[in-house]
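Written below as structure tokens is the structure these notes are about.
Protein chains: 2
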Amino acid sequence: MKTGPSPITSNSVAKAAGVSQSTVSLVMSGKSAGRVSDSTRDHVMAVANKLGYRPNATARMLRTGVLNILALAVPNVKQPFFGEIFVAAEKAARQADYAVVLIDTQNDPQWVERIIDMVRGRMIAGSIVYASDSEDEPRLAEIADRVLFIEGQDSGTLVDIDIESGIEAVVEHLAGLGHSGIGYLSADYPKVTFKRRFDYFQKKLRDLGLDFKNEWHSSATFEIEASTSGAEKLVRRPEITAIVCDDDLLAAGVYRAARQADRAIPDDLSVVGFNDIEFARVLSPELTTLAIPTERIAQEAVHKLLEKLEDPARASSSYEAELTLKIRSSTARPAKA
Amino acid sequence: MKTGPSPITSNSVAKAAGVSQSTVSLVMSGKSAGRVSDSTRDHVMAVANKLGYRPNATARMLRTGVLNILALAVPNVKQPFFGEIFVAAEKAARQADYAVVLIDTQNDPQWVERIIDMVRGRMIAGSIVYASDSEDEPRLAEIADRVLFIEGQDSGTLVDIDIESGIEAVVEHLAGLGHSGIGYLSADYPKVTFKRRFDYFQKKLRDLGLDFKNEWHSSATFEIEASTSGAEKLVRRPEITAIVCDDDLLAAGVYRAARQADRAIPDDLSVVGFNDIEFARVLSPELTTLAIPTERIAQEAVHKLLEKLEDPARASSSYEAELTLKIRSSTARPAKA
DNA sequence: TCGATCAAGTCAATCGTATGACTAACCATC
DNA sequence: GATGGTTAGTCATACGATTGACTTGATCGA
Numbered sequence: 005m006k007t008g009p010s011p012i013t014s015n016s017v018a019k020a021a022g023v024s025q026s027t028v029s030l031v032m033s034g035k036s037a038g039r040v041s042d043s044t045r046d047h048v049m050a051v052a053n054k055l056g057y058r059p060n061a062t063a064r065m066l067r068t069g070v071l072n073i074l075a076l077a078v079p080n081v082k083q084p085f086f087g088e089i090f091v092a093a094e095k096a097a098r099q100a101d102y103a104v105v106l107i108d109t110q111n112d113p114q115w116v117e118r119i120i121d122m123v124r125g126r127m128i129a130g131s132i133v134y135a136s137d138s139e140d141e142p143r144l145a146e147i148a149d150r151v152l153f154i155e156g157q158d159s160g161t162l163v164d165i166d167i168e169s170g171i172e173a174v175v176e177h178l179a180g181l182g183h184s185g186i187g188y189l190s191a192d193y194p195k196v197t198f199k200r201r202f203d204y205f206q207k208k209l210r211d212l213g214l215d216f217k218n219e220w221h222s223s224a225t226f227e228i229e230a231s232t233s234g235a236e237k238l239v240r241r242p243e244i245t246a247i248v249c250d251d252d253l254l255a256a257g258v259y260r261a262a263r264q265a266d267r268a269i270p271d272d273l274s275v276v277g278f279n280d281i282e283f284a285r286v287l288s289p290e291l292t293t294l295a296i297p298t299e300r301i302a303q304e305a306v307h308k309l310l311e312k313l314e315d316p317a318r319a320s321s322s323y324e325a326e327l328t329l330k331i332r333s334s335t336a337r338p339a340k341a
Numbered sequence: 005m006k007t008g009p010s011p012i013t014s015n016s017v018a019k020a021a022g023v024s025q026s027t028v029s030l031v032m033s034g035k036s037a038g039r040v041s042d043s044t045r046d047h048v049m050a051v052a053n054k055l056g057y058r059p060n061a062t063a064r065m066l067r068t069g070v071l072n073i074l075a076l077a078v079p080n081v082k083q084p085f086f087g088e089i090f091v092a093a094e095k096a097a098r099q100a101d102y103a104v105v106l107i108d109t110q111n112d113p114q115w116v117e118r119i120i121d122m123v124r125g126r127m128i129a130g131s132i133v134y135a136s137d138s139e140d141e142p143r144l145a146e147i148a149d150r151v152l153f154i155e156g157q158d159s160g161t162l163v164d165i166d167i168e169s170g171i172e173a174v175v176e177h178l179a180g181l182g183h184s185g186i187g188y189l190s191a192d193y194p195k196v197t198f199k200r201r202f203d204y205f206q207k208k209l210r211d212l213g214l215d216f217k218n219e220w221h222s223s224a225t226f227e228i229e230a231s232t233s234g235a236e237k238l239v240r241r242p243e244i245t246a247i248v249c250d251d252d253l254l255a256a257g258v259y260r261a262a263r264q265a266d267r268a269i270p271d272d273l274s275v276v277g278f279n280d281i282e283f284a285r286v287l288s289p290e291l292t293t294l295a296i297p298t299e300r301i302a303q304e305a306v307h308k309l310l311e312k313l314e315d316p317a318r319a320s321s322s323y324e325a326e327l328t329l330k331i332r333s334s335t336a337r338p339a340k341a
């Protein structure tokens, strides 16, 4: 079928260098200390380089049991936020000499099965799962020691976000400005993380003695049309003077709906987003939003997953990220009626 | 070191099913026709499923020479456009039972070396490279028959975009509206594709007998601040009544700069983007832009790469995508001075 | 009833690397 | 000059699936 030009193996290198295959292997895997002299090592290296030799990753895996590939499952790659997560995770993985297979869970209904298959088939060493559905986690139980959840719900969540404090800061900010009618636009996905956000929001309102009505709550998916229409019912209510969104993209829908309803931001309506993607500063006025330390999260996730894979027993400590409220121009005192 | 709970191999399945290991392999790889009876096959399948057996991908690869993983290299994963490309490519790959390793070339200066290493180490079967720098392609020459370029420059570009017609449509649209001072905001990356865009733009202006001055050209990277300041020098010139951008994200910079300079879009200034990411309709007014058939491109790329890997000799026909001008609200007749 | 044919399986070599067990050479020590 | 220790390397097996060559038992035609 396919006859590659020249399969360069440790054997060909050995022959070319006049040593045994074992020696080549020893040198290439860096385990030459005490077994190969420096001069031989250098010589083998030189020959290997000249020939363009790369150890066959699968053959190595077959022997060692570990292929240096990780999976990263995120809800939606198209969202810049997850692009950022990927970039940071990939960088951390790369430094540990791992490659990353990205999986878009919204785009692939079978993603849980695929990850399980890949783990069982030893194609990936393990997987990071960002913001799983509540139903997904039990299904991943059978490979639990090879999975790390970010913002998950169970004990496998070694990397989490302090949503509560973040949401509190948002509500305090708005209440401090004098808002009392604060609406909420939820992301319409069955993710644990979104549920938590809204729960803490309500809790904080209660703590502050602020009212909240069911009609002040709406939800939408991230498509622009959907978020716009999801926002409409909130924007139409004059008693709502501020809206908190599960995501910056939803805030964009609020902006559109507000425009159509002739409510100016921030004079007639304050808006707060979530994630602080670059896009938040593209909106006009620039969006007040909760920033997540994306890079740190992704790094921690990779490191902790690799630790866990190394030694499933050692209970790794978990990391909880703090959110930062970025106050920009989309929030202001409510206009007095 | 790591002692997994139970390494389920074709051997364990064979033992449990009371057949030979070969038979299990035959059944699992679907090559059972004429060699295994239906009843045996079903039985083996059942046992395999009960045990949760997955063939070890690396062992298979070692024998067959092919690991079903592809790489996809794109300039910037954070850009939604490339997220879309990935999602579509991943889907096409998945249907052929391939996984996709994503590589962000801006984030990894060594990406060419990494791809070469992965190919030589047989970790990936091949790679799709979107919008490479002119310098990158020669370096990839040594694995040319395992690489497929999208919007590249050399003969490995089996998937391309008809930039010329697209840009022509843009210029015709603006000229038709009565614009004669048309500025251009380039993406500040040494990609072949961006160079082409600007070249065709100038060519079309000449064809139509329209003037173009060097001062009407500016460039910027995609960060919002950068694109804003890149746009400023164009926006400040009153003789410019329309601006064409290399990317929708750059258009966002133009919007911001225009706001600061008090030029209303589209009344004082028309703006055209490129790519038609969802975000184009979030901008206010909605952005007129050139749409790329993202999904089709990604599909074609995957299919053609797999074909090429299957048989490097067979010269596959190439596919050239057509752009569609989406006329929205950011373009209008210029205000008469 | 004998060989030929065929279906249904099994055998065993192989892919390329890693690594524990082994060896050979050299040196120092008593 | 035998013993022990160190250094530098080689040998040979194992990892798990694939696959061409082979075996076995049954069926069939003449």
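Protein chains in written order, with this note's numbering: chain A, 5 to 341; chain B, 5 to 341. Note that beta-carbon positions come from the ideal geometry of N, C-alpha and C, so glycine has one too.
Can you have a look at D370 (chain B) and say buried or exposed, based on whether 16 or more other CB atoms are within 10 angstroms of its CB? Here chain B comprises residues numbered 5 to 341, so residue 370 (chain B) is not present and cannot be evaluated.
Chain A partners of M122 (chain B), CB-CB under 9 angstroms? R58, A61, A103
At least one CB of chain A closer than 9 angstroms to the CB of N53 (chain B): is that the case? No, N53 (chain B) does not count as interfacial toward chain A.
State yes or no: is the C-beta of V248 (chain B) within less than 9 angstroms of the C-beta of V286 (chain B)? no
Under 9 angstroms between C-beta atoms, does K6 (chain B) make it to chain A? Because the pLDDT of K6 (chain B) is 39, which lies under 50, any placement of that residue in the model is unreliable, and the number read from its coordinates should be weighed accordingly. Yes - at least one Cβ of chain A is within 9 angstroms of the one on K6 (chain B).
Given that a residue counts as buried once 16 or more other Cβ atoms are within 10 Å of its Cβ, and exposed if not, what is A129 (chain B)? Burial is judged here by how many other beta carbons sit within 10 angstroms of a residue's own beta carbon; A129 (chain B) has at least 16 and is buried.
Nearest to A52 (chain A) by CA position, among A:A20, A:E236, A:R39, is which residue? A:A20
Does the segment 103-123 of chain B touch the segment 309-320 of chain B, meaning 3 or more C-beta pairs lie closer than 8 angstroms? no
May I ask whether a heavy atom of the ligand NAD can be found less than 8 angstroms away from the beta carbon of V258 (chain B)? As presented, the structure is devoid of all ligands, the ligand NAD included, so that no description of it is given.
Would you call the segment 111-122 of chain A and the segment 83-91 of chain A touching, i.e. three or more CB-CB distances under 8 angstroms? no
Smallest Cα separation from E4 (chain B): which of B:K207, B:L66, B:N72, B:K237? Because residue 4 (chain B) is not part of the residues shown, which for chain B are 5 to 341, the question remains open.
9 angstroms is my cut-off, CB to CB: does Q25 (chain B) come that close to chain A? no
Of all the CB atoms in chain B, is at least one closer than 9 angstroms to the CB of P84 (chain A)? yes
Assuming L294 (chain A) contacts S334 (chain A) under a Cβ cut-off of 8 angstroms, what Cβ separation, rounded to an integer in Å, is found between them? No, L294 (chain A) and S334 (chain A) are not in contact; Cβ-Cβ is about 13 angstroms, not under 8 angstroms.
Could you tell me which whole beta strand (DSSP E) segments of length 3 or greater appear in the segment 129-196 of chain A? 130-134, 151-154, 161-165, 186-191
Which same chain residues end up closer than 6 angstroms to T7 (chain A) when comparing Cβ atoms and leaving out the 5 residues on each side of it in sequence? With a pLDDT of 43 at T7 (chain A), under the threshold of 50, the modelled position of that residue is not reliable, and the figure given next carries that caveat. Excluding residues within five positions, none has a Cβ falling inside 6 angstroms.
Can you list the residues of chain B that R263 (chain A) reaches, using a CB-CB cut of under 9 angstroms? S288
Could you tell me whether any Cβ in chain A is nearer than 9 angstroms to the Cβ of I296 (chain B)? No - not a single Cβ of chain A is within 9 angstroms of the one on I296 (chain B).
So, with DSSP's three-state summary, where would you put F216 (chain B)? coil
To the nearest angstrom, how far is the alpha carbon of M5 (chain A) from that of A317 (chain A)? Annotation note: pLDDT 37 at M5 (chain A) (below 50); position unreliable, coordinate value reported separately. Taking the straight line from one Cα to the other gives about 45 angstroms.
Backbone CA spacing between A305 (chain A) and Q206 (chain A) [nearest angstrom]: 29 angstroms
Please state the DSSP three-state secondary structure of E236 (chain A). helix
Got a sec: which bits of the segment 241-259 of chain A sit with their beta carbon under 7 angstroms from any beta carbon on chain B, in order along the chain? A256
Close Cβ partners of P194 (chain A) (< 8 angstroms) along its chain, the five nearest in sequence each way excluded: D137, S138, E139
Contacts of D192 (chain B) in chain A (Cβ-Cβ under 7 angstroms): The contacting residues do not exist; D192 (chain B) stays about 16 angstroms from chain A at best.
At a CB-CB cut-off below 7 angstroms, which residues of chain B make contact with L88 (chain A)? Residue 88 (chain A) is actually Glu in this sequence, not Leu. The contacting residues are K82.
When we look at the beta-carbon of A256 (chain A) and count the other beta-carbons within 10 Å, is it buried (16 or more) or exposed? buried
Identify, in the order they occur along the chain, each residue of the same chain with its Cβ nearer than 7 angstroms to the Cβ of S24 (chain A), setting aside the five sequence neighbours on each side. A18
As a quick exercise: from B:S321, B:H183, B:K330, pick the residue whose alpha carbon is nearest that of D252 (chain B). B:K330
Note down the Cα distance separating I132 (chain A) from H183 (chain B), rounded to an integer number of angstroms. 52 angstroms
Do the segment 214-228 of chain B and the segment 141-158 of chain B touch if we need at least three Cβ pairs shorter than 8 angstroms? no
Under 9 angstroms between the Cβ atoms of L273 (chain B) and A246 (chain B)? Contact check for L273 (chain B) against A246 (chain B) passes: the beta carbons are separated by less than 9 angstroms.
Give the DSSP bridge partners of S274 (chain B), in chain order. The secondary-structure analysis by DSSP pairs S274 (chain B) across a beta bridge with B:A246.
At 9 angstroms on the CB atoms, spell out the chain A contacts of K237 (chain B), in chain order. Result: empty, since nearest Cβ-Cβ is about 19 angstroms, beyond 9 angstroms.
Is any beta-carbon of chain A found at less than 9 angstroms from that of G34 (chain B)? Chain A contact via Cβ: absent.
Cross-chain neighbours of S91 (chain B) in chain A, by beta carbon under 7 angstroms: The question names Ser, yet the displayed sequence has Val at residue 91 (chain B). Those within 7 angstroms of V91 (chain B) in chain A are V81, K82, D108, N111.
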